[in-house]
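Sequential numbering of the sequence shown, starting at 1, is according to full-length UniProt numbering.
These notes are about the structure you will find just below.
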Amino acid sequence: MRLLPAVVSLSLTVALAYYVYIPLPETIQEPWRLMMLDVGFRTTMHLASLKAWLGFDHYIQSLRQSTEGFDDIMQGLCSSQSEGGVMPGVKVCDITFAGVPVRVYEPPAGGEGHLRRGLMFIHGGGWALGTTKKGSYDVINRMLSDELNTVVVSVEYRLYPEVNFPVPYLDCLAAAKHFLSAEVRARYAIDPERIAVSGDSAGGNLAAAVAQEISTDDTMSVKFSVQALIYPVLQALDFNTPSYLQNQHIPILYRPIMVRFWLQYFGADLSLLPQLLANNHSSLQHSNITPELRARVDWTVLLSPKHKKNYKPVIVEKGSQGGGEGGAGAPGCEGLSSVSRTRGSG
């Protein structure tokens, strides 16, 4: 009986170590910090899924509640750097652009007598998480405005599960067009030749889609001069690229989670996740793909040997049945037409 507590303690210690530890590349400078962050994220995901399974709440809502606590802690730490808070000279205002909520950051240096840079920032979060009004995104936008003497406009676009594609894209597009208007440029003394659009992750997807749409819009006299995309989500055709396969077990954004974000964004059935992981939604052997087209879509020939490593393309014998209009050709969402029509509970 005396050995029982020791055995239980040892078992719990081993189980905890197994749950926490994950092999990481040697190039990561602070592996244990990343491991602990990953543990928190995985635990939050598991608890959110459990609450959803028990019927207490939608798992995205649970994730938001958990991430808000982390954001509050970060905001407090950053605000303690100075008595006036983070970048006290930056003027912050919450308004709407074409009916879309935005937060505007004006740098301490006024615009009188000279024109300033302009930047539209679109936050990430898998089209389901994140906000411009608190946490890391608010801190980053304040820093950008202050250090670059830039008027930053951060878009508070609508998120899943309240909406699906194309609502987030349309929100960002409407806000961008208003931001580029002569009225707004005059109000904030913005140089029309120095306006950029930026975003991270899913926000990078939206930023690229918005910039592409505006670049071909003849009604827009002023367009974005620069795109600054931070680890953007740019394609959903192939979830077996070298980067996906070589980093599929590296925290924090594991491959199945990214695929799930795509399915949620389209309002598709989440049970299709295994099909997308196998590239069944974009098989080169799909009946709609001609031999001529198939011969031209092997993008792997463009990769250098050091990036290919031991990569072997995933060629599915036959793609999933169906296809059609759905999301085909949709800005920022190419390649998911076979699943975009399938509605799921989310």
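Using N, Cα and C, we set each Cβ at its ideal position, and we do this for glycine too.
Limits of the beta strand (DSSP E) - the one that V163 falls within
Within the sequence shown, the letter at position 163 stands for residue 163. No beta strand (DSSP E) contains V163, which DSSP labels as neither H nor E.
Measure the C-alpha to C-alpha separation of V152 and N164 and round it to an integer number of angstroms.
Residue mapping note: residue 152 aligns to position 152 of the sequence shown, counting from 1. Residue mapping note: residue 164 aligns to position 164 of the sequence shown, counting from 1. Going by the C-alpha atoms only, they are around 26 Å apart.
Just list the residues that DSSP pairs K91 with in beta bridges.
Locating residue 91 in the sequence shown gives position 91, counting from the first residue. Partner(s): E106.
P5, buried or exposed, once every other Cβ within 10 Å from all chains shown has been counted against 16
Mapped onto the sequence shown, residue 5 falls at position 5. Its Cβ having fewer than 16 others within 10 Å, P5 is exposed.
Drop a sphere of 10 angstroms on the beta-carbon of T241, count the other beta-carbons inside from all chains shown, and report buried for 16 or more, exposed for fewer.
The residue labelled residue 241 in the question sits at position 241 within the sequence shown. Buried: at least 16 other Cβ atoms inside 10 Å.
Beta-carbon contacts of L144 that lie in its chain and below 7 Å, excluding the five residues immediately before and after
Indexing the sequence shown from 1 puts residue 144 at position 144. Around L144: L119, T150, V152.
Are at least three pairs of beta-carbons, each pair with one atom in the segment 187–205 and one in the segment 121–133, less than 8 Å apart?
yes
Around the Cβ of L16, are there at least 16 other Cβ atoms within 10 angstroms (buried) or fewer (exposed)?
Numbered from its first residue, the sequence shown carries residue 16 at position 16. Counting Cβ neighbours within 10 Å, L16 comes out exposed, since fewer than 16 surround it.
Alpha carbon to alpha carbon, how far is R260 from D269?
The residue labelled residue 260 in the question sits at position 260 within the sequence shown. The residue labelled residue 269 in the question sits at position 269 within the sequence shown. Each residue's Cα considered, the two are about 10 Å apart.
Beta-carbon spacing of H178, A109 below 8 Å:
Position 178 of the sequence shown holds residue 178. Position 109 of the sequence shown holds residue 109. Their beta carbons are not under 8 Å apart, which means H178 does not touch A109 by this criterion.
A211 beta carbon less than 8 Å from that of V222:
Here residue 222 refers to the residue found at position 222 of the sequence shown. Here residue 211 refers to the residue found at position 211 of the sequence shown. Taking 8 Å as the Cβ cut-off, V222 and A211 do not qualify as a contacting pair.
Buried or exposed: where does M87 fall if 16 or more other Cβ atoms within 10 Å of its Cβ makes it buried?
Position 87 of the sequence shown, counted from the first residue, corresponds to residue 87. With 16 or more Cβ atoms within 10 Å of its Cβ, M87 is classed as buried.
Alpha carbon to alpha carbon, how far is A128 from T44? Give it in angstroms, no decimals.
Stepping through the sequence shown from its first residue, residue 44 is reached at position 44. Stepping through the sequence shown from its first residue, residue 128 is reached at position 128. Computed Cα separation, rounded: 15 Å.
Neighbour-count burial assignment, Y19, 16 or more Cβ in a 10 Å radius:
Looking up residue 19 in the sequence shown gives position 19. Result: exposed.
Using CA atoms only, rank isn't needed, just tell me which of L3, L10, A208 is closest to T228.
Along the sequence shown, read from residue 1 onward, the residue named residue 228 stands at position 228. One point to set straight first is that residue 228 is Ala, not Thr, in the sequence displayed. Residue A208 is the option with its Cα nearest to A228.
Against chain B, does E26 count as a neighbour if the rule is that its beta carbon must be under 8 Å from one of theirs?
Of the chains in the structure shown, none is chain B; there is only one protein chain.
What did DSSP end up calling Q227 once you bin it into helix, strand or coil?
Taking the first residue of the sequence shown as position 1, residue 227 is located at position 227. Looking at Q227 - three-state DSSP - the assignment turns out to be strand.
Contact set for I252: own chain, Cβ-Cβ below 7 Å, skip 5 residues either direction:
As a working note, residue 252 is residue 252 in the sequence shown. Cβ neighbours of I252 beyond the five flanking positions: L37, D38, F41.
Expected contact under 8 Å - CB spacing of L115 and D191 to nearest Å:
Position 115 of the sequence shown, counted from the first residue, corresponds to residue 115. Position 191 of the sequence shown, counted from the first residue, corresponds to residue 191. Yes, they are in contact, since the Cβ atoms of L115 and D191 sit about 4 Å apart, within 8 Å.
CA-CA distance, R194 and F224?
The sequence position of residue 194 within the sequence shown is 194, counting from 1. The sequence position of residue 224 within the sequence shown is 224, counting from 1. If you take the alpha carbons of R194 and F224, they lie about 8 Å apart.
Beta-carbon proximity list for R117, same chain, < 8 Å, skipping 5 on both sides
Within the sequence shown, numbered from 1, the residue matching residue 117 stands at position 117. Only L148, N149, T150, V151, I190, D191, R194, I195, A196 meet the Cβ criterion.
Got a sec? Which residues, its chain only, sit under 8 Å from I214 by beta carbon, not counting five neighbours each side?
Stepping through the sequence shown from its first residue, residue 214 is reached at position 214. The answer, listed in chain order, is L173, A176, K177, L180, M220, K223, F224.
Between L273 and P256, how many whole angstroms is the CB-CB distance? I'm expecting something under 8 Å.
Numbered from its first residue, the sequence shown carries residue 273 at position 273. Numbered from its first residue, the sequence shown carries residue 256 at position 256. At roughly 6 Å, the Cβ-Cβ gap stays under 8 Å, so L273 and P256 are in contact.
Using the C-alpha atoms, what's the distance from L3 back to A236?
Locating residue 236 in the sequence shown gives position 236, counting from the first residue. Locating residue 3 in the sequence shown gives position 3, counting from the first residue. One C-alpha to the other measures close to 54 Å.
Mark Y169 as exposed unless 16 or more other C-beta atoms lie within 10 angstroms of its C-beta, in which case mark it buried.
Along the sequence shown, read from residue 1 onward, the residue named residue 169 stands at position 169. Result: buried.
C-beta contact flag for Q138 and R158 at 8 Å
Locating residue 138 in the sequence shown gives position 138, where the first residue counts as 1. Locating residue 158 in the sequence shown gives position 158, where the first residue counts as 1. Contrary to the premise, residue 138 reads as Asp rather than Gln in this sequence. No, Cβ-Cβ distance for D138 and R158 is not below 8 Å.
Give me the Cβ distance between Y160 and I60, rounded to the nearest whole Å; I'm assuming they're in contact under 8 Å.
On the sequence shown, residue 160 is found 160 positions in, with the first residue counted as 1. On the sequence shown, residue 60 is found 60 positions in, with the first residue counted as 1. Confirmed, Cβ separation roughly 7 Å.
What whole-angstrom Cβ distance do residue 349 and H58 have, given they're in contact under 8 Å?
For the chain, the structure presents residues 1 to 346; residue 349 sits outside this window and is missing.
Opposing strand residues paired with I252 [DSSP bridges]
In the sequence shown, counting from the first residue as 1, residue 252 sits at position 252. None, per the DSSP bridge assignment.
Determine the DSSP secondary structure at M120, reduced to helix, strand or coil.
One-based indexing of the sequence shown puts residue 120 at position 120. If DSSP states are grouped into helix, strand and coil, M120 belongs with the strands.
Separation of Y188 from V339, as counted between CA atoms
Translated into positions along the sequence shown, residue 339 becomes position 339. Translated into positions along the sequence shown, residue 188 becomes position 188. Residue placement at V339 is flagged as unreliable, the pLDDT there being 38, under the threshold of 50; the coordinate-derived value follows with that caveat. So the alpha carbons of these two residues sit roughly 43 Å apart.
Mind checking whether D146 and G89 have CB atoms under 8 Å apart?
The residue labelled residue 146 in the question sits at position 146 within the sequence shown. The residue labelled residue 89 in the question sits at position 89 within the sequence shown. Yes; because the gap between Cβ atoms is below 8 Å, this pair is in contact.
Measuring only the C-alpha atoms, how far is T132 from V155?
The count along the sequence shown starts at 1 and reaches residue 132 at position 132. The count along the sequence shown starts at 1 and reaches residue 155 at position 155. Between T132 and V155, the C-alpha separation is close to 7 Å.
Selection from I95, E26, K91 that minimises the alpha carbon distance to Y105
Counting from 1 along the sequence shown, the entry for residue 105 is found at position 105. The residue with the shortest Cα to Cα distance from Y105 is K91.
Distance between beta carbons of L50 and L34, contact taken as under 8 Å:
In the sequence shown, counting from the first residue as 1, residue 34 sits at position 34. In the sequence shown, counting from the first residue as 1, residue 50 sits at position 50. So it is not a contact: roughly 24 Å between Cβ atoms.
What I want to know is whether the C-beta of C172 ends up closer than 7 Å to one or more non-hydrogen atoms of the ligand GTP.
Among the components modelled here there is no ligand, and therefore nothing to report on the ligand GTP.
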